[in-house]
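Under my numbering, the very last position in the sequence shown is 401; numbers go up by exactly one each time. C-beta: ideal position from N, C-alpha, C; glycine also.
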Amino acid sequence: MEEPGRQIPPYEEEVNLLDYWRVIWKRKTLIIGLCFTSVLATLAFSLRSPKIYESTATILVPKEGGGGGLFGALAASGLVQQLPGISIPSLTPTRDVFISILKSRTMAQDVMEQFNLKERYRAQYLSDAISRLQGATNVSVSREGVISVMVEDTDPKLAADIANFYVTDLDRLLARFGTSEASRQRAFIAEQLTRAERDLRHAEEAMKRFQQRHKAINLDAQMKGEIGAIAELKGQIMASEVQLEVTRNFATETNPEVINLKKRIGEMKRQLAQMQYGKGWVLPSESKNPGEPRQEIHLPVVNVPAVGMEFARLTRDQKVQETLYTLLAQQLEQAKIAEARDMPTAQVLDRAAPAERKSKPKIRQNMMIAGAVSLFIGIFLAFFLEYVEGLKQRQRKA
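Dropping the structure here:
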């Protein structure tokens, strides 16, 4: 028995590696049995597990302008991560939008409806089916910026179809949720164009009513015609008055020629007054019915200033609306082009194809992992049992 206070020599505290090996060799049956059982159980489980196939579709992200200035330099050098309290916007917004849409619940719901996955997954609730779909889908980005959509399923064709649908539906959702500056400009210009078209229609209707009311089709040409007709009629009146005076020199007032000249002069003066002050300009009829008068389209000279001003205003308004409508129509086409240019589109690099080989279960890998884990567990149990056995022996000796 050791004497009280006696110190144990250092060589007695050292543990020999050979002792470890002896413990392992002593418990080799436990370790080997545990490893064999684990590997065998893993093999049986892997063979009974359903075969999983995976299909991958890849997308190219459109090129974007890199960040400029100080923020761009900081982001490129990585110094921004070392500056506390400073954050910069993502330099790849389009890529982030693509990934967010691909991982969204809206996308998952579209996939569920397209392939009726709720029944296939035998899920009671839609949320459970969506969670399972998202668990079977992996969206990743390579260092080169290529987005990969990988889908796993027991049916290789279904897995490929789902992956391809992710890519196809991405374009539709991008157009649906597109909120670029070009889209907002296009919507604004389209609204203004609709308003300008309505105003132009009102201006045209106002001009039409003006022309119908004043019987004016081309005011400038009509004014020239009116002035010419008035001048000609005045000349005829003056000539007839001169002829009347000449006739009076040798004839009385009861002379038929004098009477006809007076009637003619009176009729011409009446027509001149009508041309100057309105109330219609009635001329002899040219129709087959001699009793039917003929009314010419004319504008009374007395109304020329007011009508001319109104005509000028209506013409100006119509011209303004026509010009505005033309400019807005051109701007709308330009906005549509800009919107199409700025709208990100998913460019498919590789479409998913049905896998020819299963991706899971990986039997050899599973067996190796099970063997390694069971080996460590077996060794741990061996030393644990050795410790318990030694503890019992010391208690018996005590």
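Look up residue i in the DSSP assignment and say whether it is helix, strand or coil.
{"i": "N141", "result": "strand"}
{"i": "Q350", "result": "strand"}
{"i": "A60", "result": "strand"}
{"i": "D22", "result": "helix"}
{"i": "S130", "result": "helix"}
{"i": "G69", "result": "Confidence in G69 is poor, its pLDDT being 45 and thus under 50, which makes the residue's placement too unreliable to answer from."}
{"i": "S107", "result": "coil"}
{"i": "S151", "result": "strand"}
{"i": "D156", "result": "strand"}
{"i": "K361", "result": "coil"}
{"i": "A78", "result": "With a pLDDT of 42 at A78, under the threshold of 50, the modelled position of that residue is not reliable, and the figure given next carries that caveat. Helix, per DSSP."}
{"i": "P87", "result": "Low confidence applies to P87: its pLDDT is 44, below 50, so where it sits in the model is not reliable, and the reading given next is rough at best. Note: P87 maps to coil in three-state DSSP."}
Pull up the distance between the alpha-carbon of residue i and that of residue j, whole angstroms please.
{"i": "S58", "j": "F48", "result": "24 Å"}
{"i": "P3", "j": "G374", "result": "No statement about residue 3 is possible, as the shown extent of the chain runs from 4 to 401 and does not include it."}
{"i": "Y328", "j": "A199", "result": "6 Å"}
{"i": "M241", "j": "Q214", "result": "34 Å"}
{"i": "A139", "j": "K121", "result": "14 Å"}
{"i": "A254", "j": "Q277", "result": "31 Å"}
{"i": "E260", "j": "E208", "result": "52 Å"}
{"i": "V170", "j": "Q127", "result": "28 Å"}
{"i": "R179", "j": "A166", "result": "20 Å"}
{"i": "K400", "j": "T40", "result": "37 Å"}
{"i": "S1", "j": "Y124", "result": "In the structure displayed, the chain extends from 4 to 401; residue 1 sits before or after that span and is not available."}
{"i": "S290", "j": "T197", "result": "Any reading at S290 must be qualified, since the residue scores a pLDDT of 46, below 50, and its modelled position is unreliable; the value itself is stated next. So the alpha carbons of these two residues sit roughly 48 Å apart."}
{"i": "I372", "j": "K363", "result": "15 Å"}
{"i": "K265", "j": "K322", "result": "50 Å"}
{"i": "T97", "j": "N119", "result": "30 Å"}
{"i": "L50", "j": "L388", "result": "34 Å"}
Throw me the rounded Cβ distance for the residue i and residue j pair, which I believe falls under 8 Å.
{"i": "F101", "j": "L173", "result": "7 Å"}
{"i": "A60", "j": "V391", "result": "Contact doesn't hold; Cβ gap of about 57 Å is too wide."}
{"i": "K361", "j": "Y23", "result": "Contact doesn't hold; Cβ gap of about 41 Å is too wide."}
{"i": "A111", "j": "Q137", "result": "6 Å"}
{"i": "L3", "j": "E325", "result": "No information on residue 3 is available, as it lies outside the stretch 4 to 401 that the chain covers here."}
{"i": "S243", "j": "I268", "result": "5 Å"}
{"i": "V64", "j": "I150", "result": "6 Å"}
Is the separation between the beta-carbon of residue i and that of residue j shorter than 7 Å?
{"i": "A1", "j": "D320", "result": "There is no way to answer for residue 1, as the model of the chain reaches only from 4 to 401."}
{"i": "A385", "j": "I27", "result": "yes"}
{"i": "I62", "j": "L176", "result": "no"}
{"i": "A338", "j": "R216", "result": "no"}
{"i": "P159", "j": "A358", "result": "yes"}
{"i": "V152", "j": "V142", "result": "yes"}
{"i": "L275", "j": "M210", "result": "no"}
Consider the Cβ of residue i: report whether some Cβ of chain D lies at a distance smaller than 7 Å.
{"i": "T97", "result": "Here there is only one protein chain, and chain D is not present."}
Check whether the region 370-378 and the region 33-40 are in contact - that is, three or more C-beta pairs closer than 8 Å. The count of Cβ pairs closer than 8 Å, one atom from the region 370-378 and one from the region 33-40, reaches three, so the stretches are in contact.
The region 235-255 / the region 355-370 touching (three or more Cβ pairs under 8 Å): no
contact_flag[the region 131-146, the region 324-338] where n(CB pairs < 8 Å) is 3 or more: no
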